[in-house]
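Heads up, the thing below is written out as structure tokens.
Number of protein chains: 2
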Amino acid sequence: MAAERKPIDRRKQIIDAASKSFAMFGYKATTMELVAKLGGVGKGTIYTFFATKEVLFEEIVKQMTAEMKAIANASIDRKKPFFDNLNRALHGVLQFREQHELFVKLNQELWEVRTPTVQDGLAQIERAVVNFIEQEVRIGIQQGELRSDNPELTAYLIFRTYIALAVEWGRTREPLSREAVSDHMTTLFRYGLSGEPEATT
Amino acid sequence: MAAERKPIDRRKQIIDAASKSFAMFGYKATTMELVAKLGGVGKGTIYTFFATKEVLFEEIVKQMTAEMKAIANASIDRKKPFFDNLNRALHGVLQFREQHELFVKLNQELWEVRTPTVQDGLAQIERAVVNFIEQEVRIGIQQGELRSDNPELTAYLIFRTYIALAVEWGRTREPLSREAVSDHMTTLFRYGLSGEPEATT
DNA sequence: AAATGACCGAAACGTTATTTTGGTCAGTTA
DNA sequence: TAACTGACCAAAATAACGTTTCGGTCATTT
């Protein structure tokens, strides 16, 4: 065994530790001291990679956003119809969301104490998601698969409906399964409430 | 002139004063002392009609809910199709909302300081609205005008979409006009995003 | 009998003392 | 000597506490 691998990646250690801590305790309750301890790293070391706690947090949000975008992109198949893609992307994001508690925790924290940094982070994620959907909507329009005089608004509506079904509905009623969420999304946006019950394009 | 009308309606005076104060200053900043002063009434008198400040507030919420329901009901014409009714009811409620600042103020207050009483009041209004829509959805289904395997969820989605368009969208983007809101609602729920551009049933 | 406002205790608020925490840097380690 | 560390500092958060405000009561007035 060649003794060579030893350049411990401090940066990764820090990000991993911070990720876990933010997801577990939220932004406020995560102290740099704790991140250092969890990461097995001196506190000073963190500051050789990240200028401030805020920057560290933003990095993690950015990373998570990229990861989600990758998942969504992977589930898009340009040869398949818009609604199939929407459905699959939805499933992917939903699953990701369930695995990574960060969003949930952050939203909770935003409700309990209004931390501007957290608000910004969440807003950034929302913007990324809506942008992604908007782009897909534009492609769908070009393909003649759907109609919209305002792709951004349409994307926003899709996003809000998703949140309503996947998160908000479950706060006062029996939560919906992943399947139920994407079923409702698809049928609503495909045909609206009137029209035919089922048909495949 | 027959001198007879003189039984001053203290109750009404109080409710009017409280209504204005809640709408102007919010729940917290409205003191019983102030309501008394505005109503031209002794503080003790309020308590002969309303057991607590909370009860007074609930009464006003109840009254406002009833008023909204009346407006919505008035705009419903059983002979006309579901979507026409939805559209008209929407217009009515939107207009009502703009006239009475209470909702706006209450929502703002709920964001700034979490007052449980305010939260309950808002939740009650939401429940009333969703119930109303649900009932209309059920009728629409019976008439074969629309399809839904879960009227409550459908009603909830209609409500959330309405809020998204009328309120939330305007927080980060250029607000939509009343017309734009109901146009988008109608087209989305009628046909979804695919399907024909325009057609009248 | 209906109405009132001085009055009361509890909750909210402002202020100050104390603790925690983000961020630095002189010193240690490899 | 370059990466790393943790004692250290100022600023921000929190706790302690005296003061004010406010919901609710009730003896008195109308």
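Chains as they are written, first to last, in the UniProt record's numbering: chain A, 1 to 201; chain B, 1 to 201. Ideal Cβ placement from N, Cα and C applies to all residues, glycine included.
Which residue's Cα is closest to the Cα of residue i: the options?
i	options	result
A:H100	A:D16, A:M185, A:G192	A:D16
B:E126	B:A66, B:R147, B:I8	B:A66
B:Q142	B:R78, B:Q13, B:V41, B:V35	B:R78
B:N85	B:V93, B:I158, B:I76	B:I76
A:H91	A:R160, A:V35, A:E179	A:E179
B:G39	B:R10, B:T52, B:V55	B:R10
Using a Cβ-Cβ distance cut-off of 8 Å, determine whether residue i contacts chain B.
i	result
A:A164	yes
A:H100	no
A:G192	yes
A:R147	yes
A:L90	no
A:E4	In this prediction, A:E4 scores a pLDDT of 37, lower than 50, which makes its location untrustworthy; the coordinate-derived value is nonetheless stated afterwards. Answer no: the Cβ-Cβ gap between A:E4 and chain B never drops below 8 Å.
A:T65	no
Tell me the DSSP secondary structure of residue i in three-state form.
i	result
A:K79	coil
B:V41	coil
B:I8	coil
B:S177	coil
B:H184	helix
A:N73	helix
residue 240 of chain A	There is no way to answer for residue 240 of chain A, as the model of chain A reaches only from 1 to 201.
B:A3	Confidence at B:A3 is low in this model, with a pLDDT of 35, below 50, so its placement is unreliable and the value that follows should be read with caution. Three-state DSSP puts B:A3 in coil, outside helix and strand.
A:S148	coil
B:R114	coil
A:K105	helix
B:A199	Confidence at B:A199 is low in this model, with a pLDDT of 45, below 50, so its placement is unreliable and no value can be given for it.
A:L193	coil
A:Q63	helix
B:Y27	coil
From the beta carbon of residue i, is the nearest beta carbon of chain A less than 8 Å away?
i	result
B:G26	no
B:Y47	no
B:F189	yes
B:R160	yes
TODO: Could you tell me whether the segment 60-71 of chain A touches the segment 31-46 of chain A, using the rule of 3 or more Cβ pairs below 8 Å?
DONE: no
- [ ] Taking 8 Å as the threshold, find out whether the segment 130-147 of chain B comes into contact with the segment 117-133 of chain A through three or more Cβ pairs.
- [x] no
Open item on the list: So, does the segment 25-34 of chain B touch the segment 180-192 of chain A, judging by three or more C-beta pairs under 8 Å?
Closed with: no
- [ ] Indicate whether the contact test is met: 3 or more Cβ pairs, each with one atom in the segment 168-176 of chain A and one in the segment 147-158 of chain A, closer than 8 Å.
- [x] no
Open item on the list: Does the contact criterion of 3 or more C-beta pairs under 8 Å hold for the segment 109-121 of chain B versus the segment 54-65 of chain B?
Closed with: yes
Task: the segment 18-26 of chain A contacting the segment 105-112 of chain A, beta-carbon criterion three pairs below 8 Å - done: yes
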